[in-house]
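A.B. asks:
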Amino acid sequence: MKHCLICFLGMALVLAGAGALPAPRRAAATDVRTFVLGYSAQGRPIEVTQVGAGPRKLVVVGNTHGAPEANTYRLTVELIEHFRATPTLVPPGVRLAFIPSINPDGLALGWRFDAAGVDLNRNMNTNLDACPENDWRVTVQGAYGIVSDTGGPYPDSQPEVRLLRSFLWDAAGAIFLHSNAGLVFPASCEHAPSIALAERYAGSAGYAYSRLWPNYTITGGMHDWAGSLGIAAITPELVTGDQTEFAQNLAALQAVLADAEALLPLPEDGLVAGLSVPAPVYRYWRALGGEERFGPPLQAARVTPAGLSQTFRNVSIALRDDLRDTPYYVQPEPLGVAALRDLAYGGAEALAEPAGEVEGRRFLETGHTLRGAFLDFWERGGGVEVFGLPLSEEFTTIAADGQPRVVQYLERVVLAFYPEDGGVRLEPLGARALALERLKQPTAPLMVR
Ligand SMILES: [Zn+2]
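Going by this note's numbering, the letters in the sequence shown line up with residues 699 to 1147, in that order.
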């Protein structure tokens, strides 16, 4: 099953019986929308302004490096005002989104880093591509050749990076504005759409094109993370550190919009274990741990009232059209909640909330606590957005592999501890849900001979 919003729209037009399809329409003023995507570590809003509603989503990100590159924030604001005044500049096939500052804390604090002192352009999980040299690491190179431990505690650890990640599951292109080296470079690991986009942007802005950032190897960079997922991703560096260079960047953006179908390839569905996985679900699955974490898909994606859902061995991943352009557009379904309802054994003890002081992190919403290896796994793996809140304490039971194991129920998953290697794995809730569903189906006559 291929998820395709345009197919549905196209079908709706056909069903409407329109002999002559309406002419494609340019974006109208009503298609300009400003909203808060989420909040920085210090609670500052991270805003998005979006122009147009087409399937090719192009995201312009300003101000990753805070105050020293404040001109990229001002440039993005100027671009927003321009497109707000003339939204018809955005062709009907494109959704143009601007994030004026992905690092509002760094902008307010007067430095390059986020509030925790992490370089957001060194924090992403760039281990997904075929180029080991750009893989995430703690010790990174930064401006002026300074080497520092500012990559963050682990890949994708910072809230701003996680928000950005969630906004790019359905992106076709991403432009990460920086200053002030005066050149444009694409994702470093060979990716033809990123290279083509960088060449066009540089040529139209009058900036130099460079195949690689010439000064050193960037690890954990946003452009490399995006490129590894198939997004045409580039980093333009303005020439100056204080001017917005509006005319040059507007010209570059208009050149990209004018050739959007060639330069902004639509996100591609994946093919895993012989099954098609819709593009945003595939990106999510792959970026957050792939087959090792979630297991393979067990069946084709199914259409749901809100979008679609595909069941993997350990989770079901839902795509919610009603939550598009929010951090919850792609999310695992609450299979842990359903499994907990059927918990027949070990239940009472597991559900009792611990009294008094507890080690670990206690969640007031549910009264339960994550600790040790489970807490570490939860934090690194994506936290509440991916796994949900704990619904039980840890307890020992027979796990799906037949072994007695320490497990814990969360909203979207069940965690199991493997002392053999000290690892945490997800119990096969997707397989369980499918098996229960099949048992509930009426028996077909041919089955009862
Ligand atoms: Zn920068």
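Where is the CB? At the ideal position from N, CA and C, for every residue including glycine.
This structure is a prediction, so every number in the text was calculated from the model and none was measured.
Which full runs of the beta strand (DSSP E) of 3+ residues lie inside the region 771 to 838, going along the chain?
C.D. replies: Within the region 771 to 838, the complete beta strand (DSSP E) runs of at least 3 residues are 792 to 797.
A.B. asks: What residue from Pro1025, Ala1131, Ala872, Ala885 has the CA that sits closest to arginine 754's CA?
C.D. replies: As a first step, residue 754 must be located in the sequence shown, where it is residue number 56. Here the closest residue by C-alpha is Ala872.
A.B. asks: Can the beta-carbon of serine 908 be found less than 8 Å from the beta-carbon of phenylalanine 883?
C.D. replies: As a working mapping, residue 908 is identified with position 210 in the sequence shown. As a working mapping, residue 883 is identified with position 185 in the sequence shown. Contact flag set, yes.
A.B. asks: Compare the beta carbon distance of valine 757 and leucine 866 with 8 Å and say whether it is the shorter of the two.
C.D. replies: In the sequence shown, counting from the first residue as 1, residue 757 sits at position 59. In the sequence shown, counting from the first residue as 1, residue 866 sits at position 168. For valine 757 and leucine 866, yes; Cβs fall inside 8 Å.
A.B. asks: Under 8 Å, do proline 978 and valine 1028 count as touching if we go by C-beta distance?
C.D. replies: Locating residue 978 in the sequence shown gives position 280, where the first residue counts as 1. Locating residue 1028 in the sequence shown gives position 330, where the first residue counts as 1. For proline 978 and valine 1028, yes; Cβs fall inside 8 Å.
A.B. asks: My guess is that arginine 742 and proline 802 are in contact by the Cβ rule of under 8 Å, so how many angstroms apart are they, rounded?
C.D. replies: Locating residue 742 in the sequence shown gives position 44, counting from the first residue. Locating residue 802 in the sequence shown gives position 104, counting from the first residue. With 8 Å as the limit, arginine 742 and proline 802 qualify as a contact, their Cβ atoms being about 4 Å apart.
A.B. asks: Which stretch, first to last residue, makes up the beta strand (DSSP E) that contains arginine 898?
C.D. replies: Counted from its first residue, the sequence shown places residue 898 at position 200. Counting along the chain, arginine 898 falls outside any beta strand (DSSP E), though it belongs to the alpha helix (DSSP H) covering 890 to 903.
A.B. asks: Kindly indicate which three-state DSSP category leucine 1089 falls into: helix, strand or coil?
C.D. replies: Position 391 of the sequence shown holds residue 1089. If DSSP states are grouped into helix, strand and coil, leucine 1089 belongs with coil.
A.B. asks: Starting from the C-beta of glutamate 943, find all residues in its chain whose C-beta is less than 7 Å away, skip the five residues before and the five after it, and write them out in chain order.
C.D. replies: As a first step, residue 943 must be located in the sequence shown, where it is residue number 245. Answer for glutamate 943: Leu773, Leu936, Val937, listed in chain order.
A.B. asks: Find out if the Cβ-Cβ distance for the pair glutamate 767, histidine 921 is shorter than 8 Å.
C.D. replies: The sequence position of residue 767 within the sequence shown is 69, counting from 1. The sequence position of residue 921 within the sequence shown is 223, counting from 1. Not closer than 8 Å, so no.
A.B. asks: Under 8 Å between the Cβ atoms of glycine 1086 and glutamate 1109?
C.D. replies: By 1-based counting over the sequence shown, the position of residue 1086 is 388. By 1-based counting over the sequence shown, the position of residue 1109 is 411. In this structure, glutamate 1109 lies closer than 8 Å to glycine 1086 by Cβ.
A.B. asks: Count the other CB atoms, across all protein chains shown, that sit within 10 Å of the CB of proline 891; report buried if there are 16 or more and exposed otherwise.
C.D. replies: Residue mapping note: residue 891 aligns to position 193 of the sequence shown, counting from 1. With 16 or more other Cβ atoms within 10 Å, it is buried.
A.B. asks: Is it buried or exposed, alanine 1016, if we count other Cβ atoms within 10 angstroms and call 16 or more buried?
C.D. replies: The sequence position of residue 1016 within the sequence shown is 318, counting from 1. Alanine 1016 is buried by the Cβ-count criterion.
A.B. asks: Measuring from the CB of threonine 762, is there a heavy atom of ligand 1 at a distance below 7 Å?
C.D. replies: In the sequence shown, residue 762 corresponds to position 64, counting from 1. Checking the Cβ of threonine 762 against ligand 1 gives yes.
A.B. asks: Thinking C-alpha only, which one of Val1122, Pro963, Leu951, Thr1024 is nearest arginine 991?
C.D. replies: Within the sequence shown, the letter at position 293 stands for residue 991. The candidate whose alpha carbon is nearest that of arginine 991 is Val1122.
A.B. asks: Is alanine 765 near glycine 808, with beta carbons less than 8 Å apart?
C.D. replies: By 1-based counting over the sequence shown, the position of residue 765 is 67. By 1-based counting over the sequence shown, the position of residue 808 is 110. Yes, they are a contact pair.
A.B. asks: Contact defined as beta carbons within less than 8 Å: I believe valine 647 pairs with glycine 993. What is the distance between those atoms, to the nearest angstrom?
C.D. replies: Since the first and last residues shown for the chain are 699 and 1147, residue 647 lies out of range.
A.B. asks: Who are proline 963's beta bridge partners in DSSP?
C.D. replies: By one-based count along the sequence shown, residue 963 stands at place 265. Paired residue(s): none; proline 963 is not in a bridge.
A.B. asks: Which class does alanine 1133 belong to by DSSP, given the choice of helix, strand or coil?
C.D. replies: The count along the sequence shown starts at 1 and reaches residue 1133 at position 435. Looking at alanine 1133 - three-state DSSP - the assignment turns out to be helix.
A.B. asks: Indicate the three-state DSSP secondary structure (helix, strand or coil) for alanine 751 in the structure shown.
C.D. replies: Translated into positions along the sequence shown, residue 751 becomes position 53. In the structure shown, alanine 751 sits in coil (DSSP, three-state: anything other than H, G, I, E or B).
A.B. asks: With which residues is glutamine 1029 paired in a DSSP beta bridge?
C.D. replies: Here the question's residue 1029 lines up with position 331 in the sequence shown. According to DSSP, which records beta bridges pairwise, glutamine 1029 is partnered with Ala1016.
A.B. asks: Provide the residue span of the beta strand (DSSP E) that contains glutamate 935, from first to last.
C.D. replies: Position 237 of the sequence shown holds residue 935. Segment 930 to 936, the beta strand (DSSP E) holding glutamate 935.
A.B. asks: Pick out whichever of Arg810, Gly1081, Asp812, Asn825 has its Cα sitting closest to the Cα of arginine 984.
C.D. replies: Within the sequence shown, the letter at position 286 stands for residue 984. Residue Asn825 is the option with its Cα nearest to arginine 984.
A.B. asks: Pull up the DSSP beta-bridge partners for glutamate 1057, would you.
C.D. replies: By one-based count along the sequence shown, residue 1057 stands at place 359. Glutamate 1057 pairs with nothing; no bridge assigned.
A.B. asks: Apart from the five residues just before and just after leucine 1132, which ones in its own chain have a Cβ nearer than 8 Å to its Cβ?
C.D. replies: The residue you call residue 1132 lines up with position 434 of the sequence shown. Correct list, in chain order: Leu996, Gln997, Thr1009.
A.B. asks: Rounded to whole angstroms, what is the Cα-Cα separation between arginine 1018 and leucine 794?
C.D. replies: Within the sequence shown, numbered from 1, the residue matching residue 1018 stands at position 320. Within the sequence shown, numbered from 1, the residue matching residue 794 stands at position 96. Cα to Cα, the separation comes out at about 20 Å.
A.B. asks: I'd like to know if the region 839 to 849 and the region 901 to 915 are in contact, where contact means that at least 3 CB-CB pairs between them fall below 8 Å.
C.D. replies: Touching, yes, given that three or more Cβ pairs across the two stretches are closer than 8 Å.
A.B. asks: With a CB to CB cut of under 6 Å and the five nearest residues on each side skipped, what residues in its chain are close to alanine 885?
C.D. replies: Translated into positions along the sequence shown, residue 885 becomes position 187. The answer, listed in chain order, is Ser892, His921, Asp922, Gly925, Ala931.
A.B. asks: Tell me whether asparagine 825, by its Cβ, gets closer than 7 Å to a heavy atom of ligand 1.
C.D. replies: For this step, residue 825 is matched to residue 127 along the sequence shown. Flag unset: Cβ of asparagine 825 not near ligand 1.
A.B. asks: Does the beta-carbon of isoleucine 929 have 16 or more other beta-carbons within 10 angstroms, so that it is buried, or is it exposed?
C.D. replies: Translated into positions along the sequence shown, residue 929 becomes position 231. That one is buried.
A.B. asks: In whole angstroms, what is the alpha-carbon distance linking glycine 736 and proline 1140?
C.D. replies: For the purposes of this step, residue 736 is taken as the residue at position 38 of the sequence shown. For the purposes of this step, residue 1140 is taken as the residue at position 442 of the sequence shown. Approximately 45 Å, taken between the alpha carbons.
A.B. asks: Is glutamate 767 close to ligand 1? I mean its beta-carbon at under 7 Å from any heavy atom of the ligand.
C.D. replies: Locating residue 767 in the sequence shown gives position 69, where the first residue counts as 1. Yes, ligand 1 has a heavy atom inside 7 Å of this Cβ.
A.B. asks: Please return the same chain residues whose Cβ sits closer than 7 Å to the Cβ of cysteine 887, not counting the five positions on each side in sequence.
C.D. replies: Position 189 of the sequence shown holds residue 887. Taken in chain order, the residues that qualify are Asp827, Ala828, Cys829, Asn832, Asp922, Gly925, Ser926.
A.B. asks: In terms of residues, what are the limits of the beta strand (DSSP E) holding glutamine 1106?
C.D. replies: By 1-based counting over the sequence shown, the position of residue 1106 is 408. It spans 1102 to 1107 - the beta strand (DSSP E) in which glutamine 1106 sits, taken as one unbroken run.
A.B. asks: Pairing CB atoms from the region 948 to 968 with CB atoms from the region 783 to 800, are three or more of them under 8 Å?
C.D. replies: Contact holds: three or more Cβ-Cβ distances are below 8 Å.
A.B. asks: Count the other CB atoms within 10 Å of the CB of glutamate 1055; is the residue buried (16 or more) or exposed (fewer)?
C.D. replies: As a first step, residue 1055 must be located in the sequence shown, where it is residue number 357. By the 10 Å Cβ count, glutamate 1055 comes out exposed.
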